[in-house]
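Mapping to the numbering used here: the sequence shown position 159 is 161, numbers consecutive.
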Amino acid sequence: MAGYIDRGLSSVQAAQEEVQHQVAEVRAIYATLDPASGSCDQRQAQFQALQQQLQSSDDPTRQHMSQVMASFEPGLFVGDDEANGPQDNLDLERWFRQPKGHERRIHGHRHAGVRLVQEGPTLLLALDAHIDHPEPFRAEDLRPYRHAPAPTCQRQAMHRRTVMRQARSKKRRPLLLADLERRYLEDY
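Next comes the structure, spelled out in structure tokens:
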């Protein structure tokens with residue numbers, strides 16, 4: 003078994019060394035983004051030097067890294083050293099306190115769900131309620147909204163969903179087509 007492992011490792015040794023060099027370059031780039039590694043101006047100068055070094059390389063992977071760095075640079079070093087802004091996307095979303103799609107995907111939930119898509123117009127106010135009402139809701143706060151009608155766009159979306167589910171159904175499709183044909187003939 004050890005012989006098979008040694009032969010496998012020796013056949014990919016060159017690729018592993020290249021990956022190790024790329025990992026070192028990514029760590030150097032990350033060090034320029036860490037506020038603890040120096041002032042904003044120093045880190046920006048290091049970032050630009052690394053970007054130019056990667057751009058002058060013959061390796062297409064390094065050139066691509068340089069292009070990505072160039073596209074991100076305008077927003078990376080905004081503000082000064084005392085800027086108390088969010089450090090990454092998740093920190094930005096925690097700052098705004100809004101749930102985002104990739105945060106769901108991190109935890110394994112890929113889709114918001116049909117209910118959120120269909121009933122989004124009425125759920126939106128509930129999801130953003132903490133913005134205008136920081137303390138917990140009481141029954142008296144919610145009572146005026148008990149009999150509020152759903153918006154027209156939501157009712158239309160739910161009707162479209164019903165029609166499309168019937169159209170996909172092998173049992174309901176003939177009935178739906180017959181109903182559409184009957185309505186068409188009645189109109190003309």
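Backbone N, C-alpha and C fix where the C-beta goes; we use that ideal spot for every residue, glycine too. Note that this is a predicted model, so its numbers are computed, not measured.
- Message: I need the straight-line Cα distance from H161 to L78, nearest angstrom please.
- Response: The straight-line gap from Cα to Cα measures roughly 46 Å.
- Starting from A26, follow the alpha helix (DSSP H) in both directions and report where the run begins and ends. Where A26 is concerned, the enclosing alpha helix (DSSP H) stretches over Q15 to L35.
- Measure from the alpha carbon of L35 to the alpha carbon of each residue in Q48, R185, A26 and R170, then state which is nearest. Comparing Cα positions, the closest option is Q48.
- Item | C-alpha distance - R29 paired with H149, whole-angstrom precision | In a straight line, the C-alpha of R29 is about 56 Å away from that of H149.
- Cβ-heavy atom distance between R162 and the ligand PLP below 8 Å? This structure lacks the ligand PLP; in fact it carries no ligand of any kind.
- Are there 16 or more other CB atoms within 10 angstroms of the CB of L56, so buried, or fewer, so exposed? The residue is buried, with at least 16 neighbouring Cβ atoms inside 10 Å.
- Item | Cβ-based burial, Q53 [other Cβ within 10 Å; buried from 16] | Flag for Q53 reads buried.
- Query: Where does the unbroken alpha helix (DSSP H) through P146 begin, and where does it stop?
  - Reply: No alpha helix (DSSP H) holds P146; DSSP gives it neither H nor E.
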